[in-house]
Amino acid sequence: MPITDNIGKENFSEHLDKSLNKTTRKILNEKFSNGQVETTTAASKVYAEQTNNDDNKDATVTTASNNCVAKFDPSIEPLLKENLKRFVIFPIQYPDIWKMYKKAEASFWTAEEVDLSKDMDDWNRLSDGERHFISHVLAFFAASDGIVNENLVERFSQEVQITEARCFYGFQIAMENVHSEMYSLLIETYIMDEKEREYLFNAIETMPLVKKKAEWALAWISSHSANFGERVIAFAAVEGIFFSGSFASIFWLKKRGIMPGLTFSNEMISRDEGLHCEFAVLMFKHLIQKPSKERILEIITDAVKIEKEFLTEALPVDLIGMNSESMCKYIEYVADRLLLELGVGKYYLAENPFEFMNKISIDGKTNFFEKRVGEYQKIGVSSDDDQNKFTLSLEF
Numbered sequence: 001m002p003i004t005d006n007i008g009k010e011n012f013s014e015h016l017d018k019s020l021n022k023t024t025r026k027i028l029n030e031k032f033s034n035g036q037v038e039t040t041t042a043a044s045k046v047y048a049e050q051t052n053n054d055d056n057k058d059a060t061v062t063t064a065s066n067n068c069v070a071k072f073d074p075s076i077e078p079l080l081k082e083n084l085k086r087f088v089i090f091p092i093q094y095p096d097i098w099k100m101y102k103k104a105e106a107s108f109w110t111a112e113e114v115d116l117s118k119d120m121d122d123w124n125r126l127s128d129g130e131r132h133f134i135s136h137v138l139a140f141f142a143a144s145d146g147i148v149n150e151n152l153v154e155r156f157s158q159e160v161q162i163t164e165a166r167c168f169y170g171f172q173i174a175m176e177n178v179h180s181e182m183y184s185l186l187i188e189t190y191i192m193d194e195k196e197r198e199y200l201f202n203a204i205e206t207m208p209l210v211k212k213k214a215e216w217a218l219a220w221i222s223s224h225s226a227n228f229g230e231r232v233i234a235f236a237a238v239e240g241i242f243f244s245g246s247f248a249s250i251f252w253l254k255k256r257g258i259m260p261g262l263t264f265s266n267e268m269i270s271r272d273e274g275l276h277c278e279f280a281v282l283m284f285k286h287l288i289q290k291p292s293k294e295r296i297l298e299i300i301t302d303a304v305k306i307e308k309e310f311l312t313e314a315l316p317v318d319l320i321g322m323n324s325e326s327m328c329k330y331i332e333y334v335a336d337r338l339l340l341e342l343g344v345g346k347y348y349l350a351e352n353p354f355e356f357m358n359k360i361s362i363d364g365k366t367n368f369f370e371k372r373v374g375e376y377q378k379i380g381v382s383s384d385d386d387q388n389k390f391t392l393s394l395e396f
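Numbering (full-length UniProt numbering), first residue to last: 1 to 396.
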């Protein structure tokens with residue numbers, strides 16, 4: 001199909017740059033209908049424009065790249081095609097996916113198992129800036145787990161037709177509920193003022209910094225143009241990148257030897273989220289119609305940009321004594337390791353700047369299911385030595 005407005009291919013990117021501020025998503029898609037235009041930078045531009053336009057919430061995911069690839073066909077995907085045997089678990093058809101479910105099952109815990117009784121003394125000794133930072137990170141976390149569950153309930157659990165993956169998603173929903181409860185308990189424990197609590201519990205509405213991250217994820221959930229593979233990548237980014245810097249900031253407090261209840265719950269939750277991200281990578285590897293490397297990079301780099309802004313501008317880690325530049329490098333490091341798992345290769349070429357984080361996130365040298373935080377693996381589940389897995393677990 002010809003490019004509209006008789007714009008030559010060589011001038012198309014320049015024209016797009018000039019027209020983004022006045023074009024709608026519909027027009028943008030039309031201009032990419034020739035299927036030959038590179039769009040690696042388009043998503044971030046569209047997203048940046050649309051964060052200032054509350055009337056259009058689908059900008060993050062509806063980019064020209066949707067028309068630059070062959071139409072995604074769920075009927076040829078083993079994960080998604082109709083499966084009349086999905087109501088019965090045995091015989092296991094996907095041992096690798098089932099193994100991930102059993103790992104999740106083995107690491108179940110509840111909020112009641114975390115002792116917060118010693119945290120208040122430390123909390124009261126923190127500076128105002130430190131308390132501000134921690135409370136706002138908890139507010140983001142409390143809301144984000146609900147968003148992850150929204151995606152699992154509304155999209156992934158309904159789309160995926162294989163029993164083993166449905167088992168994992170069902171268990172993940174339960175664990176996200178535990179995480180959300182834990183964060184709510186932390187806020188309720190630390191914050192005495194009722195109005196401030198309400199403000200934190202409604203962070204998606206009250207805090208622009210949280211709202212921006214939430215809207216990015218919610219846009220992927222509501223999108224009817226992004227295919228399953230793209231949305232799997234997006235939520236790997238949510239759980240692997242959007243959480244990474246905040247997890248690291250709380251581990252920084254553990255390094256200081258304070259807030260034992262908060263830091264222990266952070267160990268548990270970061271381990272769980274690492275497994276969820278690892279599962280997203282596994283689902284991606286089972287896809288026949290994978291997103292292009294350019295599209296994967298587009299999604300991941302967009303998430304990195306937002307996470308950097310969150311922890312260096314909107315809620316700067318300087319408040320707790322961390323270095324903002326180092327945090328940016330750490331986020332890039334986490335993104336590079338996720339990109340490696342997705343078969344794209346490193347993009348940022350970043351090193352881990354935090355010595356205390358050498359075994360967190362995606363180090364690959366420590367298998368959490370052999371060296372587990374708090375000994376919270378249930379007895380009877382095997383722990384094979386899986387190398388180079390994406391995890392958000394840590395052992396000091």
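From the three backbone atoms N, C-alpha and C, an ideal C-beta is built for every residue, glycine too.
* To do: Entirely within the segment 257 to 309 and at least 4 residues each: give me those alpha helix (DSSP H) ranges in chain order.
  => Here the runs fully enclosed are 260 to 286, 293 to 309.
* Nearest-angstrom Cα separation, counted from leucine 342 out to glutamate 273 -> Approximately 17 Å, taken between the alpha carbons.
* Cβ neighbours of tyrosine 94 in the same chain (closer than 8 Å, five flanking residues each side left out) -> Within the same chain, tyrosine 94 has close Cβ partners Ile162, Glu164, Ala165, His286.
* Among Ala335, Glu154, Phe243, Met268, which residue has its Cα nearest to the Cα of tryptophan 220? -> Ranking the options by Cα distance to tryptophan 220, first place goes to Glu154.
* To do: Below 8 Å on the Cβ atoms is my guess for leucine 338 versus isoleucine 300; work out the distance and round it to an integer in Å.
  => Yes, they are in contact, since the Cβ atoms of leucine 338 and isoleucine 300 sit about 7 Å apart, within 8 Å.
* To do: Would you decide whether lysine 81 is buried or exposed? Buried here means 16 or more other CB atoms lie within 10 Å of its CB.
  => It counts as exposed.
* Continuous alpha helix (DSSP H) stretch holding methionine 207: start and end -> Element bounds for methionine 207: n/a, residue is neither H nor E.
* **Cβ shell of lysine 22 (< 7 Å), same chain only, five flanking positions each side left out** => Bear in mind that a pLDDT of 34 at lysine 22, under 50, signals an unreliable position, so the number given afterwards is only what the model happens to contain. Correct list: empty, nothing qualifies.
* **N- and C-terminal bounds of the alpha helix (DSSP H) containing valine 232** => In this chain, the alpha helix (DSSP H) harbouring valine 232 covers 228 to 237.
* **CA-to-CA distance, glutamate 294 to alanine 143, given in whole angstroms** => Those two C-alpha atoms are separated by around 30 Å.
* To do: Can you tell me which of the three DSSP states alanine 350 falls into?
  => Coil, per DSSP.
* Cα-Cα separation, tyrosine 376 to tryptophan 98 -> For tyrosine 376, the pLDDT reaches just 49, beneath the cut-off of 50, and the residue's location in the model is therefore unreliable, leaving the point undetermined.
* To do: Could you have a look at arginine 131 and say whether DSSP puts it in helix, strand or coil?
  => If DSSP states are grouped into helix, strand and coil, arginine 131 belongs with the helices.
* To do: Compute the distance between the beta-carbons of valine 304 and isoleucine 250, then report whether it is under 8 Å.
  => No, the Cβ-Cβ distance between valine 304 and isoleucine 250 is not below 8 Å.
* Would you kindly work out how many angstroms separate the C-alpha atoms of glutamate 298 and proline 316, rounded to a whole number? => Each residue's alpha carbon lies about 25 Å from the other.
* By Cβ distance, which residues of its chain are closer than 8 Å to glutamate 77, with the 5 residues on each side in sequence left out? -> The answer, listed in chain order, is Phe228, Leu287, Ile288, Gln289.
* Asked: asparagine 358: buried (16+ other C-beta within 10 angstroms of its C-beta) or exposed?
  -> Asparagine 358 is classed as exposed because its beta carbon has fewer than 16 other beta carbons within 10 Å across all chains shown.
* Asked: Is phenylalanine 72 helix, strand or coil by DSSP?
  -> DSSP places phenylalanine 72 in coil when its eight states are reduced to three.
* Answer yes if the segment 116 to 123 comes into contact with the segment 209 to 223, meaning at least three C-beta pairs across the two stretches below 8 Å, and no otherwise. => Contact fails: fewer than three Cβ-Cβ distances are below 8 Å.
* **Residue interval of the alpha helix (DSSP H) (run including proline 95)** => Residues 95 to 106.
* To do: Could you have a look at lysine 195 and say whether DSSP puts it in helix, strand or coil?
  => Under the three-state reduction of DSSP output, lysine 195 falls in the helix class.
* Looking at the unbroken alpha helix (DSSP H) that takes in tryptophan 252, where does it start and where does it end? -> Annotation: the continuous alpha helix (DSSP H) that includes tryptophan 252 extends over 244 to 255.
* With 16 as the cutoff for other CB atoms within 10 Å, does serine 265 come out buried or exposed? -> Buried, by the Cβ-count rule.
* **Local conformation of glutamate 150 per DSSP, three classes** => In the structure shown, glutamate 150 sits in a helix (DSSP, three-state: H, G or I).
* Output yes or no for whether 8 Å exceeds the beta carbon distance between alanine 139 and valine 88. => The beta carbons of alanine 139 and valine 88 sit no closer together than 8 Å.
* **CB of phenylalanine 133 within 8 Å of CB of isoleucine 320, strictly** => Remark: C-beta atoms of phenylalanine 133 and isoleucine 320 approach each other more closely than 8 Å.
* To do: Within the same chain, show all residues whose beta-carbon is closer than 6 Å to that of glutamate 112, passing over the 5 residues directly before and after it, in chain order.
  => Contacts found: none.
* Asked: Terminal residues of the continuous alpha helix (DSSP H) containing serine 180?
  -> Counting along the chain, serine 180 sits inside the alpha helix (DSSP H) bounded by residues 163 to 190.
* To do: Starting from phenylalanine 123, trace the alpha helix (DSSP H) both ways and give me its first and last residue.
  => As written in the sequence, residue 123 is tryptophan, which differs from the phenylalanine given in the question. Where tryptophan 123 is concerned, the enclosing alpha helix (DSSP H) starts and stops at 119 to 125.
* Keeping to the same chain, check which residues put their C-beta closer than 8 Å to that of asparagine 177; ignore five residues upstream and five downstream. => If we look at asparagine 177 and ignore the five residues flanking it on each side, its Cβ neighbours are Asp145, Asn149.
* Neighbourhood of glutamate 239 by C-beta distance below 6 Å, restricted to the same chain and skipping five residues each side -> Same-chain partners within the cutoff: Glu273, His276, Cys277.
* How many angstroms separate the CA atom of lysine 102 from the CA atom of arginine 271? -> So the alpha carbons of these two residues sit roughly 15 Å apart.
* **Short Cβ contact (8 Å threshold) for valine 344 with phenylalanine 284** => No, the pair does not count as a contact, with Cβ atoms beyond the cut-off.
* Using CA coordinates, which residue listed in Val137, Gln172, Ser135, Ala234 is at the minimum distance from leucine 152? -> It is Gln172 whose Cα lies nearest to the Cα of leucine 152.
* Asked: On the premise that methionine 100 lies in contact with leucine 282, defined as a C-beta separation below 8 Å, what is that separation, rounded to the nearest angstrom?
  -> So it is a contact: roughly 6 Å between Cβ atoms.
* Could you tell me whether the Cβ atoms of methionine 327 and leucine 311 are closer together than 8 Å? => Yes, they are a contact pair.
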